[in-house]
Amino acid sequence: MDGSRKRKAEEASLAERNLKIPTQSTGIYTGVSTSALIECEVCLDEKAADAFPTKTTASCEHNQTICRGCIEQTITSQVDDNITKIFCPHSDCSEVLSHTDVKAHSTKETFSRYDDLVTFQAVRSMESFIPCPKARCRGGHFHEAGVAEPIFTCKSCRAKYCVVCNAPWHRNLTCEQFAIKKKAKLERQAKSAEKAAAVAEMLAEKAAREAEATEKKRLEEEAAEAAAKAAELEAAQLKKQEQDSVNLIREISKECPGKGCGWRIQKNNGCDHMTCTRCGHQFCWLCRTSWTPIIQNGNHFHDQSCKHYRPLHDPEPPHAAVEPDEYDEYIDGYNEELLNETLAWYSS
Numbered sequence: 001m002d003g004s005r006k007r008k009a010e011e012a013s014l015a016e017r018n019l020k021i022p023t024q025s026t027g028i029y030t031g032v033s034t035s036a037l038i039e040c041e042v043c044l045d046e047k048a049a050d051a052f053p054t055k056t057t058a059s060c061e062h063n064q065t066i067c068r069g070c071i072e073q074t075i076t077s078q079v080d081d082n083i084t085k086i087f088c089p090h091s092d093c094s095e096v097l098s099h100t101d102v103k104a105h106s107t108k109e110t111f112s113r114y115d116d117l118v119t120f121q122a123v124r125s126m127e128s129f130i131p132c133p134k135a136r137c138r139g140g141h142f143h144e145a146g147v148a149e150p151i152f153t154c155k156s157c158r159a160k161y162c163v164v165c166n167a168p169w170h171r172n173l174t175c176e177q178f179a180i181k182k183k184a185k186l187e188r189q190a191k192s193a194e195k196a197a198a199v200a201e202m203l204a205e206k207a208a209r210e211a212e213a214t215e216k217k218r219l220e221e222e223a224a225e226a227a228a229k230a231a232e233l234e235a236a237q238l239k240k241q242e243q244d245s246v247n248l249i250r251e252i253s254k255e256c257p258g259k260g261c262g263w264r265i266q267k268n269n270g271c272d273h274m275t276c277t278r279c280g281h282q283f284c285w286l287c288r289t290s291w292t293p294i295i296q297n298g299n300h301f302h303d304q305s306c307k308h309y310r311p312l313h314d315p316e317p318p319h320a321a322v323e324p325d326e327y328d329e330y331i332d333g334y335n336e337e338l339l340n341e342t343l344a345w346y347s348s
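Note that the UniProt record's numbering has the sequence shown beginning at 1, numbered continuously upward.
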């Protein structure tokens, strides 16, 4: 075989083993590299070819892409789960590992447990073999006598059982008596369970009612709080509106200076001579001075801050002092000239 054909044959063989062949920049093939690696499809580690078995089982025909360590772990895991029918771990293979295959791919400790498990399962399949009912015991007993001698003693843990009742040995009781006693016990347990379920249901209903009451109370409290806040806000707004009204009234009105009156009066245009609609008191709107002394004595009776104030010796509208009981008659007696003069003065 020439060099070219030999190289192609080696490359094909390596491809079948999923080997990764390092290439050189020269392009010249120099044979199989000692650093060629195979990737394990389970752990995904790249390992040398000798880390992979030639075959997992004698019947396997696929490429070996699972390393020895992962096969060993797979077997150990299944033995831990009491599984004796162990399949080849390759995804495209359904072959079952034989006793010899398990021994070849597992540790001594794992194979020993596997061997015991296989033996125990084989024995358990025999009709006369009775396994120990004890959960942690893997022993048993070949009971050839059957129901004629119902007592069974485990060879491993020495526990005694009745093969008829499949229960711990009922000393001083026949199987019929034991069955009656067991039935009564089960009935009591069922009643207790029924009572417990009823109590649990009652407690659950009570808890639901309490939760509903608590939620209702919470909602009522929240509603009451919201209503209180709304009422408080409304009261504050109303109080502000009232205060704004008071302030506005104070700005546009004045209290009647009449004795004991205090009625607020608003001026709607016109002159500054005001008459209280409540008590009839007459006064100057600007300085709130009583109108009677002004009429009787002159404008120097206005407050000095008032625009109608005139000093005592300044010219005033001509009129004579009159008595209060003659005031109306005095007003009526003003002649037109004097009235016009007075109005002209007040409008100045």
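Every residue, glycine too, gets a C-beta built ideally from N, C-alpha and C. Computed from a predicted structure; not experimentally measured.
- Item | Buried/exposed call for T119, threshold 16 Cβ in 10 Å | As a working note, residue 119 is residue 119 in the sequence shown. Counting of Cβ neighbours within 10 angstroms places T119 among the exposed residues, the total staying below 16.
Q.
For the alpha helix (DSSP H) containing residue 350, name the first residue and the last one.
A. Outside the displayed span of the chain (1 to 348) sits residue 350, for which this structure offers no information.
*Which residue from R288, Y309, C287 and L286 puts its Cα closest to that of N297?*
Translated into positions along the sequence shown, residue 297 becomes position 297. Nearest in C-alpha terms to N297, of all of R288, Y309, C287 and L286, is Y309.
Does the Cβ-Cβ distance between T153 and Q121 come in under 8 Å? Translated into positions along the sequence shown, residue 153 becomes position 153. Translated into positions along the sequence shown, residue 121 becomes position 121. Not in contact: T153 and Q121 (Cβ atoms no closer than 8 Å).
How many Å lie between H319 and V246 at the Cα? To locate residue 319, count along the sequence shown from 1; it is residue 319. To locate residue 246, count along the sequence shown from 1; it is residue 246. With a pLDDT of only 47 at H319, under 50, the local geometry of the prediction cannot be trusted, and no value is derived from it.
**Request:** Count the other C-beta atoms from every protein chain shown that fall within 10 angstroms of the C-beta of N299, then say buried if there are 16 or more, exposed otherwise.
**Result:** Taking the sequence shown and counting its residues from 1, the one referred to as residue 299 is at position 299. By the C-beta density criterion, N299 is buried, having at least 16 other C-beta atoms within 10 angstroms.
* **Range covered by the beta strand (DSSP E) that runs through G140** => As a working mapping, residue 140 is identified with position 140 in the sequence shown. That run of the beta strand (DSSP E) goes G140 to F142.
Quiz item: Any contact of the segment 247 to 262 with the segment 279 to 291, i.e. 3+ C-beta pairs under 8 Å?
Solution: The segment 247 to 262 vs the segment 279 to 291: in contact.
### Query
Using the rule of at least 16 other Cβ atoms within 10 Å of the residue's Cβ for burial, across every protein chain shown, is A105 buried or exposed?
Residue numbering aside, residue 105 sits at position 105 when the sequence shown is read from its first letter. Here residue 105 is His; the residue named in the question, Ala, does not match the sequence. That one is buried.
For the beta strand (DSSP E) that S253 lies in, which residues bound it at each end? Residue mapping note: residue 253 aligns to position 253 of the sequence shown, counting from 1. Unbroken beta strand (DSSP E) run through S253: S253 to E255.
If we count Cβ pairs, one from each stretch, closer than 8 Å, do we get three or more for the segment 51 to 59 versus the segment 94 to 104? Enough Cβ pairs lie closer than 8 Å, so yes.
Y161 versus I180 - alpha carbon distance: For the purposes of this step, residue 161 is taken as the residue at position 161 of the sequence shown. For the purposes of this step, residue 180 is taken as the residue at position 180 of the sequence shown. Cα-Cα distance, rounded: 18 Å.
Problem - For Q266, the residue or residues it bridges with in DSSP - result: Here residue 266 corresponds to residue number 266 of the sequence shown, with the count starting at 1. DSSP lists S253 as partners of Q266.
**Item:** R188 at chain D interface by Cβ criterion, 8 Å
**Value:** In the structure shown, chain D does not exist; there is a single protein chain.
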